[in-house]
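Novice:
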Amino acid sequence: MEPTSYPLDHEIQSILSSNGSEAHLPKVKCPKGTIPILRNDNKETISSTSDNYITQEEVWPKFSGDNFVRFHIRWACYDFGCPGFVQVSESAAIGGRIRPVSVLDGPQYIMTVFLFQDRKTKDWWLARMDRSSVIGFRPLGYWPRKLFNALQEKATYALWGGWVRGPTVSSDPPPMGSGRFAKEGFRKAAFVRGIRIANRDNKFVNPVVGKALPVTSRPLCYTVDGFGAAELGIHVYFGGPGQCPK
């Protein structure tokens, strides 16, 4: 199963050739008609409203049982903890470990994902970059339109960047990203790049810079820097060591 249409991107070939080294989800061979689901016996979950959905690369020992970076999805629960997300990929393991990962002062790896609404069904699709695909990306699955109230026709805002949580997040905030401040830049700070949005004409375009704002809720703990627009999207560095006063 695939979307009835994809957002048009005239720059997709430039993006494919310029995106550098790509990190990947583990691939699992499944019998035809089945999908891989990573089971988790840990009962810790986080509730979410039904009017947002999230994809994230995250280290969460209490949930996954290890300190590896994993790719999670969320709307009212994580991954497949509740009905909702419909996976169509027979090989991509949602919740799986991402490899390889960037090294401080060393090789940098990125993971490119696409989130868009099918213009006919109004379902919200998740896809990943795939250089072997003619269109440049391959669908992983979708959130049915009926799951949402405020996302029936469009999204009103989108967020990129980092966040932290935990029992000591107020008193002793943990590191975010690489643990380095944003001003340290490439090969040190965490970053997001190639930020683009699908407009009303179903085309990927750069966000209007005046409407895309870099913000941090705790500037003594975590910073943003290097925010700007390039031909292939908006870019920004973010993160910090945490361990800062309130």
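Heads up: the sequence shown at position 164 corresponds to 164 in UniProt numbering, and the numbers run straight through without jumps.
Where a beta carbon is used, it is the ideal one built from N, C-alpha and C, also for glycine.
(1) Report the partner residues of Y142 according to the DSSP bridge assignment.
(2) Hey, could you find the ends of the beta strand (DSSP E) F63 is sitting in?
(3) Which residue marks the beginning of the beta strand (DSSP E) containing H24, and which one marks its end?
(4) What would DSSP say about L159, mapped onto helix, strand or coil?
(5) Closer than 8 Å is the cut-off here; do at least three beta carbon pairs connect the segment 168-178 with the segment 105-118?
(6) Look up K183 in the DSSP assignment and say whether it is helix, strand or coil.
(7) Please state whether DSSP places K211 in a helix, a strand or coil.
(8) For D201, which option in P214, Q117, P61 has the closest C-alpha, if you only look at C-alpha atoms?
(9) From the DSSP output, which residues share a beta bridge with R74?
(10) Once DSSP output is grouped into helix, strand and coil, what is the label at L147?
(11) Closest to L115 by CA distance: which of R196, P214, A230, V208 is it?
(12) I need the DSSP call for V224, collapsed to helix, strand or coil.
(13) So the beta strand (DSSP E) W117 belongs to, where does it begin and stop?
(14) Nearest CA to the CA of D105: which residue from E90, W163, G179?
(15) Relative to the alpha-carbon of H72, which residue among F238, Y53, V88, Y237 has its alpha-carbon at the smallest distance?
(16) Buried or exposed for P236, please, with buried defined as at least 16 other CB atoms from any protein chain shown within 10 angstroms of its CB.
(17) Between E2 and I234, what straight-line distance do the alpha-carbon atoms span, to the nearest angstrom?
(18) Given this structure, state the Cα-to-Cα distance separating V224 from K188, to the nearest angstrom.
(19) Sorted by chain position, which residues of the same chain lie with C-beta nearer than 6 Å to P214's C-beta, five sequence neighbours on each side aside?
(20) Assuming L151 and W124 make a contact with CB atoms under 8 Å, what is their CB distance in whole Å?
(21) Looking at chain B, is there any beta carbon in it that lies within less than 8 Å of the beta carbon of V28?
Specialist: On the basis of the supplied data:
(1) The sequence position of residue 142 within the sequence shown is 142, counting from 1. DSSP, once it has assigned bridges, lists V86, W125 as partnering Y142.
(2) Position 63 of the sequence shown holds residue 63. Not the beta strand (DSSP E): F63 falls in the alpha helix (DSSP H), residues 61-64.
(3) To locate residue 24, count along the sequence shown from 1; it is residue 24. No beta strand (DSSP E) contains H24, which DSSP labels as neither H nor E.
(4) For the purposes of this step, residue 159 is taken as residue 159 along the sequence shown, with counting starting at 1. Note: L159 maps to coil in three-state DSSP.
(5) Touching, no.
(6) For this step, residue 183 is matched to residue 183 along the sequence shown. In this structure, K183 counts as helix in the three-state DSSP scheme.
(7) Locating residue 211 in the sequence shown gives position 211, counting from the first residue. DSSP, read as helix, strand or coil, puts K211 in helix.
(8) As a first step, residue 201 must be located in the sequence shown, where it is residue number 201. Of P214, Q117, P61, the residue nearest in Cα terms is Q117.
(9) On the sequence shown, position 74 is the one that residue 74 refers to. As computed with DSSP, R74 is found in a beta bridge with I54, Y78.
(10) Taking the sequence shown and counting its residues from 1, the one referred to as residue 147 is at position 147. Of the three classes helix, strand and coil, the one that applies to L147 here is helix, per DSSP.
(11) In the sequence shown, counting from the first residue as 1, residue 115 sits at position 115. If you compare the alpha carbons of R196, P214, A230, V208 with that of L115, the shortest gap goes to R196.
(12) For the purposes of this step, residue 224 is taken as the residue at position 224 of the sequence shown. Strand.
(13) Your numbering for residue 117 matches position 117 in the sequence shown. Correcting the residue type first, residue 117 is Gln in the shown sequence and not Trp. Start and end: 113-117.
(14) As a working note, residue 105 is residue 105 in the sequence shown. For the residues E90, W163, G179, the minimum Cα distance to D105 belongs to G179.
(15) Locating residue 72 in the sequence shown gives position 72, counting from the first residue. H72 has its Cα closest to that of Y53, out of F238, Y53, V88, Y237.
(16) Counting from 1 along the sequence shown, the entry for residue 236 is found at position 236. The question names Pro, yet the displayed sequence has Val at residue 236. Buried, by the Cβ-count rule.
(17) If you number the sequence shown from 1, residue 2 lands on position 2. If you number the sequence shown from 1, residue 234 lands on position 234. Their Cα atoms are separated by approximately 28 Å.
(18) Start at 1 with the first residue of the sequence shown, and residue 224 comes out as number 224. Start at 1 with the first residue of the sequence shown, and residue 188 comes out as number 188. Spanning the alpha carbons of V224 and K188 requires a straight line of approximately 13 Å.
(19) As a first step, residue 214 is located in the sequence shown; it is residue number 214 there, counting from the start. If we look at P214 and ignore the five residues flanking it on each side, its Cβ neighbours are V224, F227, V236.
(20) Position 151 of the sequence shown, counting from 1, holds the residue named residue 151. Position 124 of the sequence shown, counting from 1, holds the residue named residue 124. Sure, about 7 Å apart at Cβ, within 8 Å.
(21) Structure shown: chain B not included; a single protein chain is present.
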